[in-house]
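Engineer: The structure follows.
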């Protein structure tokens, strides 16, 4: 999903920076508050950030014959919400832009918006909706993580389509072309990512259910039911 | 079921690997000399953009000089992440065991 350095016209770079900035600013504010008031959640925040590090470094082959990577943002979106996730995602994107020439500084705003904001927002709301209709927790986590991944690539396709409308067919034709490159490639990877994050979520429930309850991710009844089912 | 999720994860990865092997065999047969399959989706998108006549207005100020060096940084990224994940899961596990002993 990385839009490479210089591959967006300047005004689109500025536009996406402007859109991403409020999310990052509020995310940093929330991060400061978390550090002051809920220090015992920090290990889980570190683990979610680490997950983005690991999963976004893995380039995996997909059915379209090209390689892409998962995003790993679902876990943190579910536990800490989209704003904190946007800060974690930006750190990873900055690392890749600086050391790997993967993505870029000029396109950082656009890449932060797709991977660290749009994807996590989708994941967060899918998990919340799943919880509201009492969907099985692991199915909800799977869907949230898989769609956080997939939506990221749909948004990247959209960003490129807006900046480079096709000569014939305009934005929609060029969106279709980019979606084939990004979004279709991503479907199998999103499924794997969803499964892996659901599995990790089980281990987190087993380790620190108290924190998940306090972060309002799970109710005490849900935790009790899940722990019984794995006993 | 205690290990349902673990089993699902392993099966998913095996299916994924299986599809890759079958498809790879197919792709390799039709490859022209000098051509390489399994390129990055990011690069494919860049090619589409360049084919419209667009030239990027900014170059990365530093690029890994070879794919080996790029691998180094990707591995470093994964290793750092794994270290943090392993450390805290181990820490929680040890803490839980310690609480039982007391």
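Protein chains in written order, with our numbering: chain U, 1 to 231; chain E, 1001 to 1102. By construction, the Cβ of each residue, glycine as well, lies at the ideal position given by its N, Cα and C atoms. From a predicted model like this one, the values you see are computed outputs, not experimental measurements.
1) Rounded to the nearest angstrom, what separates residue 1077/E and residue 1085/E at their Cα positions?
2) Measuring CB atoms only, is the stretch 70-83 of chain U touching the stretch 1053-1066 of chain E, in the sense that at least three cross pairs come out at less than 8 Å?
3) Mind listing the chain E neighbours of residue 172/U? Cutoff is C-beta to C-beta under 8 Å, in chain order.
4) Which residue wins for smallest C-alpha separation from residue 1041/E, given the options 164/U, 122/U and 61/U?
5) Interface residues of chain E around residue 59/U at Cβ under 8 Å?
6) Could you check where the beta strand (DSSP E) with residue 68/U kicks off and where it finishes?
7) Is it buried or exposed, residue 1066/E, if we count other Cβ atoms within 10 angstroms and call 16 or more buried?
8) Starting from the C-beta of residue 18/U, find all residues in its chain whose C-beta is less than 8 Å away, skip the five residues before and the five after it, and write them out in chain order.
9) Quick check on the DSSP output: the alpha helix (DSSP H) that includes residue 90/U runs from which residue to which?
10) Go to residue 166/U, then tell me how far its alpha helix (DSSP H) extends in each direction, as first and last residue.
11) What residues in its chain sit with their C-beta under 6 Å from that of residue 1022/E, if we drop five residues either side in the sequence?
12) Write down the C-beta distance between residue 52/U and residue 64/U rounded to the nearest angstrom, noting that I regard them as a contact closer than 8 Å.
13) What does residue 202/U reach in chain E if we use C-beta pairs closer than 8 Å?
14) Using the three-state DSSP reduction, which class does residue 115/U fall into: helix, strand or coil?
15) Is residue 181/U near the ligand MN, in the sense that its beta carbon is under 6 Å from a heavy atom of that ligand?
16) Give me the Cα-Cα distance between residue 151/U and residue 127/U, rounded to the nearest whole angstrom.
17) Just to confirm, are residue 84/U and residue 21/U a CB contact at a threshold of 7 Å?
18) Are residue 106/U and residue 194/U touching if we call contact CB-CB under 7 Å?
19) I need the straight-line Cα distance from residue 170/U to residue 122/U, nearest angstrom please.
20) Could you compute how far the alpha carbon of residue 216/U sits from the alpha carbon of residue 55/U?
21) Is it the case that the Cβ atoms of residue 120/U and residue 73/U are separated by a distance below 7 Å?
22) Report the rounded CA-to-CA distance for residue 1052/E versus residue 1080/E, giving the unit in angstroms.
23) What residues in its chain sit with their C-beta under 8 Å from that of residue 28/U, if we drop five residues either side in the sequence?
24) Closest to residue 68/U by C-alpha separation, out of 1038/E, 1082/E and 1070/E, would be which residue?
25) Quick one: give me the first and last residue of the alpha helix (DSSP H) that residue 1071/E is part of.
26) Any beta-carbon of chain U closer than 7 Å to the one on residue 1081/E?
27) Measuring straight from C-alpha to C-alpha, what distance separates residue 1030/E and residue 1020/E?
28) Since residue 207/U and residue 178/U should fall inside the 8 Å C-beta cutoff, what is the C-beta to C-beta distance between them, to a whole number of angstroms?
29) Answer with yes or no whether the minimum CB distance from residue 6/U to chain E is below 7 Å.
30) DSSP has residue 209/U in a bridge; who is on the other side?
31) Less than 7 Å between CB atoms is the rule here; does residue 1030/E satisfy it with respect to chain U?
32) Classify residue 1039/E as helix, strand or coil using the three-state DSSP reduction.
33) Can you tell me whether DSSP reads residue 1064/E as helix, strand or coil?
Structural biologist: Reading off the structure:
1) One-based indexing of the second chain puts residue 1077/E at position 77. One-based indexing of the second chain puts residue 1085/E at position 85. If I take the Cα positions, the gap works out to 13 Å.
2) No, the stretch 70-83 of chain U is not in contact with the stretch 1053-1066 of chain E.
3) Walking along the first chain from the start, residue 172/U turns up at place 172. Below the 8 Å Cβ cutoff, chain E contributes no neighbours of residue 172/U, its closest Cβ being approximately 15 Å away.
4) Reading the second chain from its first residue, position 41 is the one you call residue 1041/E. The shortest C-alpha to C-alpha distance from residue 1041/E to any of 164/U, 122/U and 61/U is the one to 61/U.
5) Taking the first residue of the first chain as position 1, residue 59/U is located at position 59. In chain order, 1040 and 1074 make up the part of chain E whose C-beta sits under 8 Å from the C-beta of residue 59/U.
6) Locating residue 68/U in the first chain gives position 68, where the first residue counts as 1. Secondary structure note for residue 68/U: its beta strand (DSSP E) is the uninterrupted segment 66-68.
7) Against the second chain, residue 1066/E aligns to sequence position 66. Exposed is the call here.
8) Counted from its first residue, the first chain places residue 18/U at position 18. Excluding its 5 nearest sequence neighbours in each direction, residue 18/U has C-beta neighbours in its own chain below 8 Å: 109, listed in chain order.
9) Here residue 90/U refers to the residue found at position 90 of the first chain. For residue 90/U, the uninterrupted alpha helix (DSSP H) segment begins and ends at 74-100.
10) Along the first chain, one-based indexing puts residue 166/U at 166. Residue 166/U -> no alpha helix (DSSP H), and no H or E assigned at all.
11) Working through the second chain from its first residue, we reach residue 1022/E at position 22. Counting only Cβ-Cβ distances below 6 Å, and skipping sequence neighbours, we find nothing.
12) Position 52 of the first chain, counted from the start, is the residue given in the question as residue 52/U. Position 64 of the first chain, counted from the start, is the residue given in the question as residue 64/U. That belief does not hold up - the Cβ atoms of residue 52/U and residue 64/U are roughly 24 Å apart, past 8 Å.
13) By one-based count along the first chain, residue 202/U stands at place 202. 1005, listed in chain order.
14) The residue given as residue 115/U occupies position 115 in the first chain. It is helical.
15) Questions concerning the ligand MN fall outside what the structure shown contains, since it holds no ligand whatsoever.
16) The sequence position of residue 151/U within the first chain is 151, counting from 1. The sequence position of residue 127/U within the first chain is 127, counting from 1. CA-CA distance, residue 151/U to residue 127/U, rounds to 14 Å.
17) The residue you call residue 84/U lines up with position 84 of the first chain. The residue you call residue 21/U lines up with position 21 of the first chain. In this structure, residue 84/U sits away from residue 21/U, with a CB-CB distance that is not shorter than 7 Å.
18) Counted from its first residue, the first chain places residue 106/U at position 106. Counted from its first residue, the first chain places residue 194/U at position 194. Cβ distance not < 7 Å, so residue 106/U and residue 194/U don't count as in contact.
19) In the first chain, the residue the question calls residue 170/U occupies position 170. In the first chain, the residue the question calls residue 122/U occupies position 122. Cα-Cα distance, rounded: 27 Å.
20) Within the first chain, numbered from 1, the residue matching residue 216/U stands at position 216. Within the first chain, numbered from 1, the residue matching residue 55/U stands at position 55. When rounded, the separation of the alpha-carbon atoms in residue 216/U and residue 55/U is 25 Å.
21) The sequence position of residue 120/U within the first chain is 120, counting from 1. The sequence position of residue 73/U within the first chain is 73, counting from 1. Yes, Cβ-Cβ distance for residue 120/U and residue 73/U is below 7 Å.
22) The residue labelled residue 1052/E in the question sits at position 52 within the second chain. The residue labelled residue 1080/E in the question sits at position 80 within the second chain. Rounded to whole angstroms, residue 1052/E to residue 1080/E spans 39 Å at the Cα level.
23) Looking up residue 28/U in the first chain gives position 28. Result list for residue 28/U: 87, in chain order.
24) In the first chain, counting from the first residue as 1, residue 68/U sits at position 68. The alpha carbon of residue 68/U has as its nearest neighbour, out of 1038/E, 1082/E and 1070/E, the alpha carbon of 1038/E.
25) Here the question's residue 1071/E lines up with position 71 in the second chain. 1067-1101 is the span of the alpha helix (DSSP H), which, as asked, contains residue 1071/E.
26) In the second chain, the residue the question calls residue 1081/E occupies position 81. With a threshold of 7 Å between beta carbons, residue 1081/E makes contact with chain U.
27) In the second chain, residue 1030/E corresponds to position 30, counting from 1. In the second chain, residue 1020/E corresponds to position 20, counting from 1. Near 16 Å, if we compare the C-alpha coordinates of residue 1020/E and residue 1030/E.
28) Here residue 207/U refers to the residue found at position 207 of the first chain. Here residue 178/U refers to the residue found at position 178 of the first chain. Taking C-beta atoms under 8 Å as the contact rule, residue 207/U and residue 178/U fail to qualify, at a distance of about 40 Å.
29) Taking the first residue of the first chain as position 1, residue 6/U is located at position 6. At least one beta carbon of chain E lies nearer than 7 Å to the beta carbon of residue 6/U.
30) Counted from its first residue, the first chain places residue 209/U at position 209. Answer is none; residue 209/U lacks a bridge partner.
31) Along the second chain, read from residue 1 onward, the residue named residue 1030/E stands at position 30. Chain U, which has no Cβ nearer than 7 Å to the Cβ of residue 1030/E, makes this no.
32) Locating residue 1039/E in the second chain gives position 39, counting from the first residue. Of the three classes helix, strand and coil, the one that applies to residue 1039/E here is strand, per DSSP.
33) Taking the first residue of the second chain as position 1, residue 1064/E is located at position 64. In the structure shown, residue 1064/E falls within a coil segment according to DSSP collapsed to helix, strand and coil.
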